[in-house]
Structures are given as structure tokens and as C-alpha cells.
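Student:
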């Protein structure tokens, strides 16, 4: 369908403007879009892209993988509740997906994503790191990468939401 637009929302139990709207949305409700707006702006000529997120960033991360340069290798880290919360994988030879299950940990309180990223061996050059999720978790991950020598132009991490 030429005039169809797919929008993903994460519905959760704390206040969120778009999530709250999505809970009540009905067919034919009016929607206003603006943009483009993108936090994703990697340097040219990267060879490896490392992406990570919780459920709130899955649509953005998978959209990046679907539409970005095929000459780049990707390694993705997605933290979700359990195996049932994994969404369809992107089957490309240049993509390695890692699904981290937080299980009993509450959203925004797990350290499993950070632990998985600490196991990652970074290339010496020509890489970019992009992540999104709960604000405090993202700050901890950003600080980890900064402490091991990743420079500002090699990373962009965004707090998409903040736990109460």
C-alpha cells in the first residue's frame, strides 16, 4: 500500500506522551508528523556499527540496519524481557544480533545489557556506537565506553525514557 505508514509504540506502565496516545488511538485518528529528526549521524566510511537498545529503541535500531550501508558490519544488542519479546530478526550476512533477556529485572533496572557490551571487542578504528534506552542505563553505558577510550565522535547514546 503506497499510503501506509507503520509506527511502533512501546506501551508501558509509566506516563509517556506517545505511549499514552497510542493506548487510546483509534482508526482514522489524526496524526501530525514532522522531521526529519535523527540522532543517528555516524561518520562516513565506518566499517563496523554497534547498536544497542531496550524495547523502546528496537524500531529505530532495526530501521537503521535495514536501510544503512551494506558494506558495514553490524553487531546489535537488544535487551528485552525474554525470548517471547524478541521481534523478527534481520537476516543479513553482515548483521550479528545479540538478544539479552533481563527476565526478572524491571525495565531500566537491569545491568545485563551493560555486561554484554563489556564483552564486546571493539575494532581499533572505523567504528561507530549508537544506543538508546532508559536514561540512567544509557549514561552508565556511555561512561563505560568513555572510560575505555571511545571518543565523542565514535558514539551517540540517547536516553529515550526515564524510570520513575
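Residue numbers (our numbering): 10 to 173.
C-beta: ideal position from N, C-alpha, C; glycine also.
1. Going straight from the alpha carbon of residue 54 to that of residue 135, what length do you get?
2. Threshold first: 3 residues or longer. Then list the beta strand (DSSP E) segments lying entirely within the segment 42 to 79, N to C.
3. On the criterion of 16 or more Cβ atoms from any shown chain inside 10 Å, does residue 140 qualify as buried, or is it exposed?
4. Output yes or no for whether 8 Å exceeds the beta carbon distance between residue 61 and residue 122.
5. By how many angstroms is the C-alpha of residue 88 removed from the C-alpha of residue 145?
6. With respect to the beta strand (DSSP E) encompassing residue 6, which residues constitute its N-terminal and C-terminal limits?
7. Is the Cβ-Cβ distance between residue 85 and residue 107 less than 8 Å?
8. Would you mind listing the alpha helix (DSSP H) stretches within the segment 99 to 128 that are 4+ residues and don't spill past its ends, in chain order?
9. Consult DSSP for residue 39 and reduce its assignment to one of helix, strand or coil.
10. Taking just the CA atoms, how far does residue 14 sit from residue 31?
11. Give the secondary structure of residue 33 by DSSP, where H, G and I count as helix, E and B as strand, and everything else as coil.
12. When the distance is taken between beta carbons, is residue 71 closer than 8 Å to residue 109?
13. For residue 125, which residues from the same chain have a beta carbon less than 7 Å from its beta carbon, with the 5 sequence-adjacent residues on both sides left out?
14. Within the same chain, show all residues whose beta-carbon is closer than 8 Å to that of residue 112, passing over the 5 residues directly before and after it, in chain order.
15. Beta strand (DSSP E) containing residue 89: first to last residue?
16. Between the alpha carbons of residue 16 and residue 162, how many angstroms are there, rounded?
17. Which residue wins for smallest C-alpha separation from residue 78, given the options 63, 56, 67?
Tutor: This is what the structure gives:
1. It is roughly 7 Å from the alpha-carbon of residue 54 to the alpha-carbon of residue 135.
2. Counting only runs of 3 or more, we get 57 to 62.
3. By the Cβ neighbour-count rule, residue 140 is buried, with 16 or more other Cβ atoms within 10 Å of its own.
4. Less than 8 Å separates the beta-carbon of residue 61 from that of residue 122.
5. If you take the alpha carbons of residue 145 and residue 88, they lie about 15 Å apart.
6. Nothing about residue 6 can be reported from this structure: the residues present for the chain run from 10 to 173 only.
7. Their beta carbons are under 8 Å apart, which means residue 85 touches residue 107 by this criterion.
8. Restricted to the segment 99 to 128, the alpha helix (DSSP H) segments that are unbroken, complete and at least 4 residues in length are 121 to 127, listed in chain order.
9. Here residue 39 sits in coil by DSSP.
10. Looking at the two C-alpha atoms, the distance is approximately 15 Å.
11. In the structure shown, residue 33 adopts helical secondary structure according to DSSP, grouped into three states.
12. No. Outside cutoff.
13. Within the same chain, and ignoring the five residues on either side of residue 125 in sequence, the residues whose Cβ sits closer than 7 Å to its Cβ are 86, 107, 109.
14. Hits under 8 Å: 90, 91.
15. Its beta strand (DSSP E) spans residues 82 to 89.
16. When rounded, the distance between both Cα atoms is 29 Å.
17. Its Cα nearest to that of residue 78, the residue 56 stands out among 63, 56, 67.
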